[in-house]
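As structure tokens, the structure follows; a few thoughts come after it.
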Amino acid sequence: MSALDEVRVGVQTLDRLRLILGEESIDETLRAAAAMQKLLSKRVVWNVNSTAAGGGVAEMLQSLLGYTRGLGINSRWLVVEGNDPFFRVTKRLHHALHGEAGDGSPLGAAEREIYEETLRPAALELCALARPGDFVLLHDPQTAGLAPALMEAGVHAIWRCHIGSDDPSPHSELGWAFLAPYLQNVRHYVFSRSSYVPEVCDHGKSTIITPSIDPLSAKNQDLPAETVLGILVQTGLIEGPLSNGDACSFMRHDGTPGRVSRKADILRSGRAPDRNTPLVVQVSRWDPLKDMAGVMDGFTRLVETGASHDAELVLAGPDVQSVADDPEGRRVFEDVVERWRALPPPLRDRIHLVSLPMDDVQENAAIVNALQHHASIVVQKSLREGFGLTVTEAMWKGRPVVASALGGILDQIEDGVTGVLIHDPRNPDQLAIALRALLDDRSGAEAIGKRARERVREHFLGMKHLVRYARLFEKIENEE
């Protein structure tokens, strides 16, 4: 049985982005691509992570690798096969690097043995595939243990960390201490923020590259209003007559048409909202750091003020059975459900808990796209956040976003200009106040959404991401 699974990625051309990005941005990318082609010659750029679906890293890789392949660069994507004990350890590391205790379990010798035992066959397999001089981007804590073997094999190993904490803490120090033996000799690191770079990686070899989105992916492509409504009715998210199949269509990565045909699994006690009901929406994993229960508390406070404008709340995440590398999902979802059931019926009727189908990843993305497009307000009330691509996605759709003032969200939202920040995400009253202000001032909310879209266009679309990696590869090669 293979320790690594390869994810097949199609080929995308830059021409489809010209109208969105403009000639100047496309030309800059083409120049960078030409330099990369010359630099890499017959070499391969490998990306290794722990899941092919169900997270921001997987979504970025699907799009970005398609464009790099379209530019003539041999890019491949491998996923590490793990088991439940391995993913419990890596989820514990995930929380630790965020500065949180997680489940409070140890990160000691037994956990290190699980971690190394799982990655050992993957390291052997990867070293047999990659040749000296190839570039291997290892994503997040799940893959850090592969770095020593790759360096010994003469491969350019780059560790790409998408998470972190602005302020060191005993929890984050414990996480970095666990990873230090695998990282201390890695020559190059990539982080999303400079404040995330720990001492073990702070040798002048860390590059800052912010994450990005593909504006033409199934999750981010512009959708006509009738398509948005058609998808939401089809999935059961809003009430209305079912449309014909064309009203539920979207464009897949390979340029072929797709159609949303599945239903979402929705827990609600009242009727589905109609098309005119203002929706407050948070879309994220069922992860304790995303604080879905806290969003529900904040919405409850809003309703209790009597100024909710008949808004309803949608908390949407992936089906908890479908995300292999997140063992906490079921427990978090069940906790949210329990708290929802304890609400008084009139309030419970206005809150919808949605498990989105994951059988077809691009269909799932199209459902999220429609939900974000339709939302009156998108929330991302994380307790910790590495970057927050759901914020980027909602901003691109011109939605006013209310989000926690932490991590990479601070790099995206200028408070009151391109979104609204809440400075104490554990205080439900702050969320309620922010929601009320936007619901009370629809024209102001619309203006925030328009500025948010331009902010993403300028800073967080995928071509800038590719150009920064091209410069990094050139830097590494020149150091040899």
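Just so we're aligned: 433 in our numbering is position 405 of the sequence shown, and the numbers increase by one with no gaps anywhere.
Quick reminder that beta carbons are idealized off the backbone N, C-alpha and C, glycines included.
Please list, in chain order, all residues of the same chain as residue i whose beta carbon is under 7 Å from its beta carbon, the five residues on each side excluded.
i	result
Gly94	Val37, Gly38, Val39, Gln40 and His281
Leu270	Val261 and Gln262
Glu413	Ser432, Leu434, Gly435, Gly436 and Ile437
Ile191	His122, Leu125, His126, Asp168 and Gly414
Met11	As shown, the chain starts at 29 and ends at 508. That puts residue 11 outside it, with no answer to give.
Arg303	Leu257, Ile266 and Gly268
Phe114	Ile142, Tyr143 and Thr146
Starting from residue i, trace the beta strand (DSSP E) both ways and give me its first and last residue.
i	result
His123	First-last for His123: Asp112 to Leu125, but that is the alpha helix (DSSP H), not the beta strand (DSSP E).
Gly345	Glu340 to Pro346
Tyr217	His216 to Phe219
Asn77	Val73 to Asn77
Val311	Leu307 to Val311
Ser432	Val429 to Ser432
Gln40	Unbroken run through Gln40: none, as it is neither H nor E.
Ile476	First-last for Ile476: Arg470 to His487, but that is the alpha helix (DSSP H), not the beta strand (DSSP E).
Val448	Val448 to Ile450
First and last residue of the alpha helix (DSSP H) that includes residue i?
i	result
His380	It is not in any alpha helix (DSSP H) - His380 instead sits in the beta strand (DSSP E) that spans Ile379 to Leu384.
Gln65	Glu51 to Leu68
His401	Val389 to His402
Ser200	Pro198 to Leu211
Leu178	Ala175 to Glu180
Leu500	Gly490 to Glu507
Thr328	Met320 to Glu332
Gln440	Ile437 to Gln440
Return the chain-ordered list of same chain residues with a C-beta closer than 6 Å to the C-beta of residue i, the five sequence neighbours on each side being excluded.
i	result
Leu178	Val164 and Ala185
Val364	Met320 and Ala321
Ala246	Phe278, Gln390, Ala393 and Ala394
What does DSSP give as the partner residues of residue i in its beta bridges?
i	result
Cys229	Paired residue(s): none; Cys229 is not in a bridge.
Gly286	Phe278
Glu34	Leu106
Leu166	Val76 and Trp187
Ile294	Val382
Val406	Val309 and Val429
Asp443	Gly447
May I ask you to report which of helix, strand or coil DSSP gives residue i?
i	result
Arg188	strand
Thr235	strand
Arg280	coil
Gln517	Here the chain has residues from 29 to 508 only, and residue 517 is not among them.
Ala137	helix
Ala462	helix
Leu371	coil
Gly416	coil
Gln90	helix
Ile101	coil
Ile48	helix
Ile241	strand
Ala16	Missing from the structure shown is residue 16; the chain here goes from 29 to 508 and no further.
Glu128	coil
Pro355	coil
Ala300	coil
Leu257	helix
Ile266	coil
Keeping to the same chain, check which residues put their C-beta closer than 8 Å to that of residue i; ignore five residues upstream and five downstream.
i	result
Cys276	Thr255, Gly258, Ile259, Gln262, Arg287, Val288 and Ser289
Arg496	Thr235 and Ile237
Ser297	Pro373, Arg376 and Asp377
Val72	Asn102, Ser103, Arg104, Ala158, Arg159, Asp162 and Phe163
Name the residue from the options whose alpha carbon lies nearest to the alpha carbon of residue i.
i	options	result
Gly16	Asn77, Val218 and Ile54	The question about residue 16 has no answer here: the residues shown for the chain are numbered 29 through 508.
Thr284	Ala138, Leu244 and Val228	Leu244
Leu58	Arg97, Val484 and Ser193	Arg97
Ala175	Glu52, Val445 and Trp74	Trp74
Arg221	Val214, Asp230, Asn213 and Leu330	Asp230
Val445	Glu141, Trp105, Val430 and Arg367	Val430
Gly490	Asn248, Val218, Glu144 and His401	Asn248
Gly130	Arg140, Lys119, Gly136 and Glu139	Lys119
Pro456	Gln408, Ala137 and Lys503	Gln408
Val342	Ala335, Val360, Thr333 and Gln400	Gln400
Gly264	Ser471, Ser383 and Ile101	Ser383
Leu251	Glu340, Lys425, Trp314 and Ala60	Lys425
Gly326	Pro209, Gly357 and Ile450	Ile450
Ser197	Asp443, Asp452, Met423 and Ser223	Ser223
Gly357	Tyr210, Asp43 and Ser312	Ser312
Gly132	Leu89, Ala181 and Gly203	Gly203
Lys66	Met423, Ile101 and Ala344	Ile101
Cys189	Asp195, Leu467, Leu211 and Glu482	Leu211
Val225	Arg46, His199, Ser193 and Arg215	Ser193
Val35	Leu166, Glu51, Val107 and Val72	Val107
Pro355	Thr328, Ala339 and Trp314	Trp314
Is there a Cβ from chain C that is less than 8 Å from the Cβ of residue i?
i	result
Ala86	Protein chains in the displayed structure number just one, and chain C is not present.
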